[in-house]
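Enquirer: Sharing a structure here in structure tokens format.
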Amino acid sequence: MSDDRPVPPEPAFSLATPYRDATCGELRAGDAGRTVQLAGWVHRRRDHGQLIFLDLRDRYGITQVVVDAQESPVAHAVANRTRNEFVLEIKGEVARRMAGKENEELLTGEVELRGREVEILSEAQTPPFYINEPDAPVDESLRLRYRYLDIRRRPLLERLLLRSELVRAIRDAHHKAGFVEIETPILLKSTPEGARDFIVPSRLQPGSVYALPQSPQQLKQLLMVAGIDRYFQIARCFRDEDLRGDRQPEFTQLDLEMSFVTEERVMEFVEAMIIEVSRATTPDRPIQEIPFPRFTYEEALERFGSDKPDLRFGMELVDLAPALREGTTGFRVFDETLAAGGRVKAVTAPGMADATRSQIDELTQFARRHGAKGLAHVAVAADGTGHSPIAKFLGEERVAAIVAAAAARPGDLILIVADPSRELVAEVLGRLRGELGLRLGLAEPGVLAYCWVHRFPMYQWDTERGRWDATHNPFSGVVPEDEALLVTASGDPYEPSRQDPAGKARAMQYDVALNGWELGGGSVRIHRRELLERSFALQGYSLEQMHERFGGILEAFDFGAPPHGGIAIGIDRWSALLAYQTNIREVMAFPKTQSGTDLMMQAPSQPDPEQFAELGLRFVGIRPEHVAES
RNA sequence: GGGCUCGUGGUGUAGCGGCCUAACAUGCCAGCCUGUCACGCUGGAGAUCGCCGGUUCGAAUCCGGUCGAGCCCGCCA
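Following this line, the structure appears as structure tokens:
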């Protein structure tokens, strides 16, 4: 057998220590005859009486140790006492395994260490779950409680290593491109993002609080004013909102900002960076299309029903209005929707024509959950004719027209949503598309389909508060040709209304999506004071409020602000997707549960009364039972 | 704030009104074993079924509440 198994490169600072000469992943046939010492955890023990096999494990791999009672009675006696997860130091001679006894599964499988001296560095209780069977299912709360044991297992370890490589590649790419990495404060002031802030009371300023940053948005803009024309940071961000599999209260963003740039220039850099980083981190995963496809928000919504489309499969949305146009269709839902200026659109699920009643019901429930009033369907038979419960209203011709419009093939199932709201139709069909695309296995798992979505609407009308809300970020710039739209219908900039031309303005905003997930988003910012004031007025901020909330940055802009723009990319999501995960807890060393608790550290915890007293705080409770206690 | 799912020896599951004095696998403990690599063989210990209450002659099993975990809606650029 040849010694062709790759040996990982030795880091600049040797892995050898007084406890070990080598790691458990590096011994090869060429090392036979050497006397070495290894240190690691007992991965598994196979006791044959006079002969004990110990699989010794560390981060780098596993090496089999044999302890022979005849050769080394003392070592054998110690090995006899060991159990799984004991930490050992073992000295012995590297020997080629007997012919036919090699283990192909192990990088070190051609050799074994003949243990002469075994020392127990640390004993271990029986772990609460299997560490040596990485595929065995374990309740996630147990994994969270004993995270340090979960990290001993290969799958999580490898995801953390991947994430480390990702961040390293990001740093490399930015440094090469002349970016400066600058840290910004964690103890900050409330920033204008829409999420709830985490609050930290100040002892030195009793009654005042810091807010943890939801992102370093304002600070990076201030760095642009400061003349740092290319800034980036791997920044921890905090948002006190309800959690999901892809949302944690604290998360990490790649935050970057550039000066003297256009939208095009920022996208150019970010795209090149993403390609470089992807190739460095997951060289085995092909990028579907370069340059990344670009869609306007409008187009993405029309074609995919999503501003973060999964482009690994087709299933584009189809407008059925042309097929239904002349006269009335006889199906009231469609007629009324079209008459009201609403939309009737469809998505075609390939090969699902034989869906059972309960499957259709389930899809209908899915559609309802996302706001649709119902879900119509047409199943395409082998002869190409459409069959549908609503055929009796529509008539054969119109059903055929629907099949034709959807370009559906025999065996396909056409799912139709009708609603006065264009956005709702898009949203529901988009979700169906995403869900079915995955269920039907249409998406190639290994492919990385990045794309850009840009030209988002600047604002959304906030009915409750009677003002325009920035869709993205209050500093986002408007596309130059829409600048004139940033006015109110009334003429008074502080009297916004739903009819304002501003509702049509598009922002210089761009999102990058990967396989149906939003990876990040950014914009070219407004750097001119005058335009910023107009935009803020539309968002319902009076001059006083503007200064109260954004005084610092407004003042800074008066000292000469360069045109600038940037982006923020979610590192947790990115590493999760690169590791084939959809749950960001799987790429975080110490994540929190959905209720925001840390099962390992038992956080959050009751504060020491003295800490409260020092801060001048008292807990008065927010629920009846709390109030009753105080 | 709301909806849904789950909670049974250390772990993963089965059992879903009496046949349960709770089963299986694995782990654990003890003994045997010199070529295993999910070693093997023999024996043993280990759960009152998350918690509280109710229904019932009888509850792991049904109902209500509660606690914990997850998924989703709202929320979150």
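Quick note: the first sequence, position 101, residue 101 per my numbering, numbers continuous. Just so it is clear, CB atoms sit at the ideal spot from N, CA and C, and this is done for glycine as well.
Smallest Cα separation from G430: which of L142, V524, V347?
Expert: Your numbering for residue 430 matches position 430 in the first sequence. Checking every option, the nearest Cα to that of G430 belongs to V347.
Enquirer: Which residue wins for smallest C-alpha separation from Q539, given the options V479, H527, R465, R312?
Expert: Translated into the one-based positions of the first sequence, residue 539 becomes position 539. Its Cα nearest to that of Q539, the residue R465 stands out among V479, H527, R465, R312.
Enquirer: Give every residue of the same chain whose Cβ lies closer than 8 Å to the Cβ of V403, excluding the five residues on either side of it in the sequence, and list them in chain order.
Expert: Working through the first sequence from its first residue, we reach residue 403 at position 403. Excluding positions up to five away in sequence, the list reads V378, V380, G384, T385, G386, I414.
Enquirer: Quick one: grab the DSSP three-state call for L258.
Expert: Residue 258 sits at position 258 when you count from the first residue of the first sequence. A small correction: the amino acid at residue 258 is Met; Leu does not occupy that position in the sequence shown. Correct three-state label for M258: strand.
Enquirer: Is it the case that the Cβ atoms of V512 and F304 are separated by a distance below 9 Å?
Expert: One-based indexing of the first sequence puts residue 512 at position 512. One-based indexing of the first sequence puts residue 304 at position 304. No, these two residues do not count as a Cβ contact at 9 Å.
Enquirer: I want to know whether the region 136-152 touches the region 89-106 - three or more CB-CB distances under 8 Å.
Expert: no
Enquirer: What does DSSP give as the partner residues of L676 in its beta bridges?
Expert: Nothing about residue 676 can be read from this structure; the chain reaches only from 1 to 630.
Enquirer: Looking only at C-alpha atoms, which of F251, W41, P607 sits nearest to E241?
Expert: Looking up residue 241 in the first sequence gives position 241. Taking only the C-alpha atoms, the option nearest E241 is F251.
Enquirer: Quick one: what does DSSP say H48 is sitting in, helix, strand or coil?
Expert: On the first sequence, position 48 is the one that residue 48 refers to. Three-state result, H48: coil.
Enquirer: Which partner residues does G522 have in the DSSP bridge list?
Expert: The sequence position of residue 522 within the first sequence is 522, counting from 1. Answer by DSSP bridge pairing, in chain order: Y510, I567.
Enquirer: If contact is defined by three or more beta carbon pairs under 8 Å, each pair taking one atom from either stretch, is the region 269-280 in contact with the region 539-548?
Expert: no
Enquirer: Am I right that A173 and E276 are in contact with their C-beta atoms under 8 Å? What's the rounded C-beta distance?
Expert: Translated into the one-based positions of the first sequence, residue 173 becomes position 173. Translated into the one-based positions of the first sequence, residue 276 becomes position 276. Sure, about 5 Å apart at Cβ, within 8 Å.
Enquirer: Does the separation of the CB atoms of L442 and L448 fall below 9 Å?
Expert: Looking up residue 442 in the first sequence gives position 442. Looking up residue 448 in the first sequence gives position 448. No, the Cβ-Cβ distance between L442 and L448 is not below 9 Å.
Enquirer: Could you give the DSSP three-state label for Q233: helix, strand or coil?
Expert: Working through the first sequence from its first residue, we reach residue 233 at position 233. Looking at Q233 - three-state DSSP - the assignment turns out to be strand.
Enquirer: What does the alpha-carbon distance come out to for the pair I228 and L187?
Expert: For the purposes of this step, residue 228 is taken as the residue at position 228 of the first sequence. For the purposes of this step, residue 187 is taken as the residue at position 187 of the first sequence. The straight-line gap from Cα to Cα measures roughly 22 Å.
Enquirer: Flag this pair as touching only if the region 549-564 and the region 485-498 have three or more C-beta atom pairs under 8 Å; answer yes or no.
Expert: no
Enquirer: Just confirm the distance between the C-beta atoms of V113 and I131, as a whole number of angstroms; I'd bet it's less than 8 Å.
Expert: In the first sequence, the residue the question calls residue 113 occupies position 113. In the first sequence, the residue the question calls residue 131 occupies position 131. Reading off the sequence, residue 113 comes out as Leu, not Val. At roughly 21 Å, the Cβ-Cβ gap does not stay under 8 Å, so L113 and I131 are not in contact.
Enquirer: Using the C-alpha atoms, what's the distance from R143 back to E133?
Expert: On the first sequence, position 133 is the one that residue 133 refers to. On the first sequence, position 143 is the one that residue 143 refers to. If I take the Cα positions, the gap works out to 14 Å.
Enquirer: Once the 5 residues before and after R154 are set aside, which same chain residues still bring their CB inside 6 Å of it?
Expert: Along the first sequence, read from residue 1 onward, the residue named residue 154 stands at position 154. P134.
Enquirer: In terms of residue numbering, what span does the alpha helix (DSSP H) encompassing L144 cover?
Expert: For the purposes of this step, residue 144 is identified with residue 144 of the first sequence, where counting begins at 1. Counting along the chain, the alpha helix (DSSP H) containing L144 begins and ends at 140-145.
Enquirer: Looking only at its chain, what residues have a beta carbon closer than 6 Å to the beta carbon of D117, apart from the 5 residues adjacent to it on each side?
Expert: To locate residue 117, count along the first sequence from 1; it is residue 117. Note that residue 117 corresponds to Glu in the displayed sequence, not to Asp. A75, K91.
Enquirer: Give me the residue from E614, I584, S595, L617 with the minimum Cα distance to D246.
Expert: Looking up residue 246 in the first sequence gives position 246. That would be I584, whose Cα lies nearest to the Cα of D246.
Enquirer: Go ahead and label H652 buried or exposed: buried means 16 or more other beta carbons lie within 10 angstroms of its beta carbon, across all protein chains shown.
Expert: Past the boundaries of the shown model lies residue 652; the chain is included only from 1 to 630, so the question cannot be answered.
Enquirer: Nearest CA to the CA of A39: which residue from N103, E110, E71, L121?
Expert: Here residue 39 refers to the residue found at position 39 of the first sequence. For the residues N103, E110, E71, L121, the minimum Cα distance to A39 belongs to L121.
Enquirer: Please classify E625 as buried or exposed, where buried requires at least 16 neighbouring CB atoms within 10 angstroms.
Expert: Taking the first residue of the first sequence as position 1, residue 625 is located at position 625. Confidence is the limiting factor: at E625 the pLDDT is only 46, short of 50, which leaves the residue's position unreliable, though a coordinate-based value still follows. With fewer than 16 Cβ atoms within 10 Å of its Cβ, E625 is classed as exposed.
Enquirer: Just the C-alpha distance for A195 and E158, rounded to the nearest angstrom, thanks.
Expert: Within the first sequence, residue 195 is the residue found at index 195, counting from 1. Within the first sequence, residue 158 is the residue found at index 158, counting from 1. The straight-line gap from Cα to Cα measures roughly 32 Å.
Enquirer: With DSSP collapsed to three states, give me the class of V167.
Expert: Numbered from 1 along the first sequence, position 167 holds the residue referred to as residue 167. Correct three-state label for V167: helix.
Enquirer: With DSSP as the reference, identify every bridge partner of D135, one or two as the case may be.
Expert: Numbered from 1 along the first sequence, position 135 holds the residue referred to as residue 135. D135 pairs with nothing; no bridge assigned.
Enquirer: Beta strand (DSSP E) containing E427: first to last residue?
Expert: On the first sequence, residue 427 is found 427 positions in, with the first residue counted as 1. Segment 422-439 is the alpha helix (DSSP H) holding E427; no beta strand (DSSP E) there.
Enquirer: For I571 and Q253, which I take to be in contact (beta-carbon distance under 8 Å), what is that distance rounded to the nearest angstrom?
Expert: Counting from 1 along the first sequence, the entry for residue 571 is found at position 571. Counting from 1 along the first sequence, the entry for residue 253 is found at position 253. So it is a contact: roughly 6 Å between Cβ atoms.
Enquirer: Going by Cα to Cα distance, which pick from A376, A29, V200, A367 is closest to L107?
Expert: Within the first sequence, the letter at position 107 stands for residue 107. Nearest of A376, A29, V200, A367 to L107, Cα basis: A29.
Enquirer: Taking the straight line between their C-alpha atoms, what separation do you get for Q248 and A323?
Expert: Residue 248 sits at position 248 when you count from the first residue of the first sequence. Residue 323 sits at position 323 when you count from the first residue of the first sequence. About 45 Å.
Enquirer: In angstroms with no decimal places, state the Cα-to-Cα distance between G520 and N84.
Expert: If you number the first sequence from 1, residue 520 lands on position 520. If you number the first sequence from 1, residue 84 lands on position 84. About 43 Å.
Enquirer: If the criterion is Cβ atoms closer than 9 Å, does the pair T329 and R422 meet it?
Expert: Sequence index remark: in the first sequence, residue 329 carries index 329 (1-based). Sequence index remark: in the first sequence, residue 422 carries index 422 (1-based). No, the Cβ-Cβ distance between T329 and R422 is not below 9 Å.
Enquirer: Buried or exposed: G565, going by 16 or more other Cβ atoms within 10 Å of its Cβ?
Expert: Here the question's residue 565 lines up with position 565 in the first sequence. Burial call: buried.
Enquirer: To which residues of the same chain is N473 closer than 7 Å at the C-beta, ignoring the five residues directly before and after it?
Expert: Locating residue 473 in the first sequence gives position 473, counting from the first residue. Excluding its 5 nearest sequence neighbours in each direction, N473 has C-beta neighbours in its own chain below 7 Å: Q217, S523, listed in chain order.
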